Structure formats: structure tokens, C-alpha cells
Amino acid sequence: MKTIRVLDMGLVPPLRSQAIYHGVAYAMTPETPDTIILVSPDAPYACIGYHQELEKEVDTAYCAEQGLPIYRREVGGGAVYLDSDQLFTQWVFQRNRLPLDLERRFALYIQPLVETYQELGINATLRPVNDIHVNGRKIGGTGAAQMGSADVVVGSLMFDFNFALMARVLKVPSEKMRDKIIQSLNEYMTTMRRELGEAPDRAQVTRAYMRHCAEALGAPLEIQEPTARELEVTEEIEARFLSDEWRYMKGGLRQSGAVKIHADVYLLEAAHKAPGGLIRATARLREGRIDDLTLSGDFTMLPAFAVGALEQAMRGVSLEPAAVLARVGEFYASMNAQSPGVSAEDWTAAIMALKAQAPQ
Amino acid sequence: MAIYAGCDIPEELYYHPAHDLWVRLEGDDTATLGMSDIAQTAAGKLLYVRFKGVGKRVRPGQSAATIESAKWVGPFVVPFAAEILAVNTAYEQTITLANTDPYGAGWMVKVRLLDPPAARAELITGAAAVAHFQQRIRDNQIRCYRCEDV
Chain A
1 MKTIRVLDMG LVPPLRSQAI YHGVAYAMTP ETPDTIILVS PDAPYACIGY
51 HQELEKEVDT AYCAEQGLPI YRREVGGGAV YLDSDQLFTQ WVFQRNRLPL
101 DLERRFALYI QPLVETYQEL GINATLRPVN DIHVNGRKIG GTGAAQMGSA
151 DVVVGSLMFD FNFALMARVL KVPSEKMRDK IIQSLNEYMT TMRRELGEAP
201 DRAQVTRAYM RHCAEALGAP LEIQEPTARE LEVTEEIEAR FLSDEWRYMK
251 GGLRQSGAVK IHADVYLLEA AHKAPGGLIR ATARLREGRI DDLTLSGDFT
301 MLPAFAVGAL EQAMRGVSLE PAAVLARVGE FYASMNAQSP GVSAEDWTAA
351 IMALKAQAPQ
Chain B
1001 MAIYAGCDIP EELYYHPAHD LWVRLEGDDT ATLGMSDIAQ TAAGKLLYVR
1051 FKGVGKRVRP GQSAATIESA KWVGPFVVPF AAEILAVNTA YEQTITLANT
1101 DPYGAGWMVK VRLLDPPAAR AELITGAAAV AHFQQRIRDN QIRCYRCEDV
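Here the protein sequences line up with chains A and B, keeping their order.
Taking the numbering used here, the leading residue of the first sequence gets 1, the next gets one more, and so forth.
Taking the numbering used here, the leading residue of the second sequence gets 1001, the next gets one more, and so forth.
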């Protein structure tokens, strides 16, 4: 039974909190033990996915104004806001030690996180493939990568989370969309503080997590220090992460335009030009249905409350043209609403334009 | 063509035992490489491929591309010294080519082998390759699947 090494890095500068697992991975030799890194940043920052374009994803002006650094990681996924209220749990294992099948790899990685939450009295469960949910709310995210000869899986224990700042650092098409992101994060995400009323003791959580890792992996854990070579490679990674070439890497992953809240919940915005004016639809989709909708623009609709009534009427409708048109038709049949130059087909077109933004 | 647990393992191709990729040797010193059925299954549906530039030389074990799927990011490794002659630009139109046709339209790069005898010495083919992948499939309890065309 091989001992798993734990590097408990404590609080480190934001750059180090991202670079350390890359450094340990790229420094890995056949002799390197499988390693779990526990680390938190000592200050807030934003972090973008490997193939994202920084300026398309993050409000760089806001981040610069607030002194928030932005780093690109070599793990996929979207832009996130991170701070000292998350304890990152970074697994750096020899290739082929973790299951090749990603669903099983994430299940193994997530098991000790779930058990740690459960030990604290939080009803956490694995939501396959790689989410952790607490009564339908997501608590943290995870990702996987191959770096050199290492398989890496990353995630976190969420003590607390600043939903407003998360929404603030993202580049979004409108403030309406940003408001909806904050509202949705509040509705569909949770933290230990929220579940327990206060954030638990960090040392207690760390001990519980290590114990559950040892059980899940069937191996003892031993706290050690990173090697000189690992720190040297980490510093090389830090230099790369600070370079403009890396930060502003172009031609990246085409984003769908949607902001993912959790596996089933996305926020989208789209517009349609009707003869009677522009319609902008900002919506939250849940499992392919409209969960929440805001219609804005320079159209006219009377009486004044009719727009709100139409927004309400669309809730729960599947994002399919026939279903949307039918519900809009029912709305007009039930209410004496007037919208000069904006037909039921225009509302349908504006709402269905959301579908083009939705992830496949 | 051998099929095991839903995974195609074309016996006429060459493979590197440490990487789930295939190699089609063409002439004395050129080859086409791609993700194996196991690799595309393990990665899941691709979202993005970033290729290194044509003309770039890679050392053994260096990557010729980075691949991002919905749940994973990793390198497309070239297991021998090579110069990249071409990259599959069709991924710009259809990102899931490796998921739908890993041994055909889903090829990744064409390369010139910088040391052909050394490169060939690294590779396995035929019955040896089938036996290797069958063991790998059993060890990892993998069952291959292909994405439908999108």
C-alpha cells in the first residue's frame, strides 16, 4: 500500500495557489508519490479555463480597478472568482493510478469531499458526472486534466462564497444578466456557511477530509513538503502564467454565450428585432425549460403590467418553438394585451434565439 | 478490425503502449496520428482542440495539440521525435470528429519522423496491440462509445 503524500500549503498568494499543482504535476517523475495538495489563496482573484479568451470572459477593467489578478489554469471549464473561503483540494497522481473512465475518476475524487460535508452535517451527494449537490444546490466545482505524466483532478471545499463578486468579475452582455446571475447563484449554489450558519473550523475540516481520502484511496496519507525541484517548476509555471502570451492566448474555445450555474441550470441572453422594436430576452434555463425570464427592449406593450405577465406565463415552458408559440398565443388569448409591431411570432423568435446560445 | 468492449482496435495500425493513440505509417518517414477509440471515449465529447503550428518540431512525449472535452483537458502526445507536417483543420468546422470517426476523419496530425527506426521501435501493432488494449480495457472496465454526428 503506497503512502499518499499531502502537501498542506496553507494560505499562499493567488498565483501560487494555481501554479502549485501544475508545478507538482510537471515535476512528476516515476518516483514521485501520488499527491494531494491542500491550499487556499490569501487574496481574491479570477481564474479562467485553459482555452478561454480572457477579455471575452472577464471584466478586465473591473478586475484591474479592484486589484484582482486574473490567471489562466491548465484545466478546462469557465471563469471563476476565488478567494480564501475555498480550500482547494488538488490531486496530482501518477498516470493510470486513477480510473481512466472519467465518471469513475470523479466519483472517487468527490467521495471524500461528500463524506467530509456529511460528517459536518451537510446533506451533500455526488451529482454525476462531477458536481456535488446539497438539496439541489451545487457546492463547488471540479475539473480534470493531464499534465505531463500526471493525472490531475481539482476541486474545493466551500467554506463560503461571494456570489456578488463572482457575478461582478464575469463579462456579461447586460446588467440585467448580471443581476440574474447573482440571483441564480444564490438560488442554486450553497456553501458550508450557508448550510451550517457559520463556517466550520478549517483544521477540523482538513483532518476530516484527509481521513476520508485515506479511506477512499485505501492508502495512508502523510504530510510532507514539496521538493526543491517541484518548487522550481512551480516558479517556472508562475512566470508563464504572468506572461502576456499566456494570459491573452487567442483563438480560444468558442463559448456558447451561456453562463453555467450548475449541471442543469444556465443563464442566457439573446435579442430579436421586431418591426415594433428590439426585444431582449434574458432567461434562466433549468433542464431545458424556462425557469425565469425577463423581456426588455424598446418595444411597446400595454397595459404596462402585461410584459411581466408574459414573463410569468413563460415559466416552465420547454424551449421548443411550438411550445413557446403556443404559450404566447394562450397569453394573448387570455389577456387583452396590445403590442404594436410585435407579434406572438416575434416573442417566440426572441425566446427561441436563446437556444442558439445554449450549450449542446 | 478487432472490436472489444465496443472499442475498435484496427490491427493494421500502430500504437504506442503508453499513450492511447494510433499511428498510420506512410512511406519511410511520415505518419498520421490520432486518438484511439479508448482515448476518445475516456475524454468524452470534445469542445476544443488547439494545435501547435505546422513546421514545429516536437521531442518524444511532447504534445502536438491540447484537447478540451466537457470534463477534461490534456495533451495530444507525439511519442517520438517528429516535425508537424499538417494538422486536421476540419476540427474548426466539426469539433467532434475524433468522437465520431477516430481512425478516419478524426485524425489529428501528420508528421515527419525525425528518427524513423527509433520511432518504429516504440510502436506495437497487430495481435500485440489488440492484446495490449484488451488488457487495458479490462483493467479500466471501459466500454467504448461514439458520439452521434452533431
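Ideal placement from N, C-alpha and C gives every residue a C-beta, glycine not left out.
Just so we're clear, the structure is a prediction, and the values are computed from it rather than from any experiment.
DSSP beta-bridge partners of residue i
i: residue 125 of chain A; result: A:133
i: residue 6 of chain A; result: A:36, A:223
i: residue 1033 of chain B; result: B:1023, B:1109
i: residue 47 of chain A; result: A:71, A:80
i: residue 22 of chain A; result: Paired residues: none, contrary to the question.
i: residue 1076 of chain B; result: B:1065
i: residue 1049 of chain B; result: B:1067
i: residue 91 of chain A; result: A:36, A:153
i: residue 112 of chain A; result: In the DSSP output, where bridge partners are listed per residue, residue 112 of chain A has none listed.
i: residue 1008 of chain B; result: B:1003
i: residue 1058 of chain B; result: B:1082
i: residue 41 of chain A; result: A:12
i: residue 1125 of chain B; result: B:1014
i: residue 147 of chain A; result: A:150
i: residue 1141 of chain B; result: Bridge partners of residue 1141 of chain B: none, in fact.
i: residue 86 of chain A; result: A:158
i: residue 189 of chain A; result: A:138
i: residue 1130 of chain B; result: According to DSSP, which records beta bridges pairwise, residue 1130 of chain B is partnered with nothing at all.
Pick from the options that is closest to residue i, judged by C-alpha positions
i: residue 70 of chain A; options: A:326, A:247, A:216, A:270; result: A:247
i: residue 1046 of chain B; options: B:1093, B:1116, B:1019; result: B:1093
i: residue 1051 of chain B; options: B:1086, B:1019, B:1038; result: B:1086
i: residue 166 of chain A; options: A:186, A:342, A:222, A:298; result: A:186
i: residue 319 of chain A; options: A:156, A:351, A:336; result: A:351
i: residue 418 of chain A; options: A:114, A:3, A:301, A:140; result: Look at the range of chain A in this structure, 1 to 360, and you will see that residue 418 of chain A is not part of it.
i: residue 1110 of chain B; options: B:1147, B:1134, B:1057, B:1072; result: B:1057
i: residue 1105 of chain B; options: B:1071, B:1004, B:1091, B:1015; result: B:1091
i: residue 58 of chain A; options: A:227, A:208, A:178; result: A:178
i: residue 42 of chain A; options: A:17, A:55, A:60; result: A:17
i: residue 1178 of chain B; options: B:1064, B:1131, B:1129, B:1026; result: Outside the displayed range of chain B (1001 to 1150) lies residue 1178 of chain B, so it cannot be described from this structure.
i: residue 126 of chain A; options: A:146, A:103, A:119, A:148; result: A:103
i: residue 32 of chain A; options: A:98, A:8, A:62, A:227; result: A:227
i: residue 1089 of chain B; options: B:1076, B:1125, B:1108, B:1136; result: B:1108
i: residue 72 of chain A; options: A:325, A:240, A:117, A:29; result: A:240
i: residue 269 of chain A; options: A:263, A:282, A:278, A:326; result: A:282
i: residue 60 of chain A; options: A:30, A:168, A:77, A:150; result: A:168
i: residue 276 of chain A; options: A:263, A:284, A:296, A:262; result: A:296
i: residue 56 of chain A; options: A:284, A:306, A:203, A:170; result: A:170
i: residue 131 of chain A; options: A:114, A:219, A:90, A:84; result: A:114
i: residue 108 of chain A; options: A:129, A:196, A:202, A:63; result: A:129
i: residue 1024 of chain B; options: B:1098, B:1076, B:1120; result: B:1120
i: residue 353 of chain A; options: A:110, A:90, A:271; result: A:271
i: residue 280 of chain A; options: A:163, A:105, A:305, A:298; result: A:298
Cβ pair residue i, residue j closer than 9 Å
i: residue 48 of chain A; j: residue 20 of chain A; result: no
i: residue 291 of chain A; j: residue 308 of chain A; result: no
i: residue 1008 of chain B; j: residue 1042 of chain B; result: no
i: residue 138 of chain A; j: residue 190 of chain A; result: yes
i: residue 1004 of chain B; j: residue 1133 of chain B; result: yes
i: residue 329 of chain A; j: residue 274 of chain A; result: no
i: residue 140 of chain A; j: residue 86 of chain A; result: yes
i: residue 337 of chain A; j: residue 303 of chain A; result: yes
i: residue 230 of chain A; j: residue 27 of chain A; result: yes
i: residue 25 of chain A; j: residue 92 of chain A; result: yes
i: residue 1096 of chain B; j: residue 1147 of chain B; result: yes
i: residue 44 of chain A; j: residue 82 of chain A; result: yes
i: residue 159 of chain A; j: residue 193 of chain A; result: yes
i: residue 1122 of chain B; j: residue 1080 of chain B; result: yes
i: residue 134 of chain A; j: residue 143 of chain A; result: no
i: residue 1124 of chain B; j: residue 1016 of chain B; result: yes
i: residue 1010 of chain B; j: residue 1145 of chain B; result: no
i: residue 39 of chain A; j: residue 67 of chain A; result: no
i: residue 1062 of chain B; j: residue 1073 of chain B; result: no
i: residue 249 of chain A; j: residue 65 of chain A; result: no
Inside the stretch 201-244 of chain A only - beta strand (DSSP E) runs reaching at least 3 residues:
221-224
Runs of 4 residues minimum, wholly inside the stretch 150-180 of chain A: which ones carry the alpha helix (DSSP H) assignment?
163-169
Beta carbons nearer than 7 Å to chain B: which residues of the stretch 38-54 of chain A have them?
50, 51
Between the stretch 140-156 of chain A and chain B, which residues of the former have a C-beta closer than 7 Å to a C-beta of the latter?
144, 145, 146
In chain order, what residues of the stretch 70-90 of chain A put their CB closer than 7 Å to some CB of chain B?
74, 75, 76
Contained alpha helix (DSSP H) runs [length at least 4] in the stretch 256-343 of chain A, N- to C-terminal order
306-313, 321-334
Taking beta-carbon pairs under 9 Å, can you tell me which members of the stretch 110-136 of chain A lie near chain B?
129, 130
Looking at chain B, which residues of the stretch 309-320 of chain A have a Cβ within less than 7 Å of any of its Cβ atoms?
none
Please identify, using Cβ separations under 7 Å, the residues of the stretch 207-230 of chain A that lie next to chain B, in order along the chain.
none
Determine which residues of the stretch 331-352 of chain A have a Cβ less than 8 Å from any Cβ of chain B, and write them out in chain order.
none
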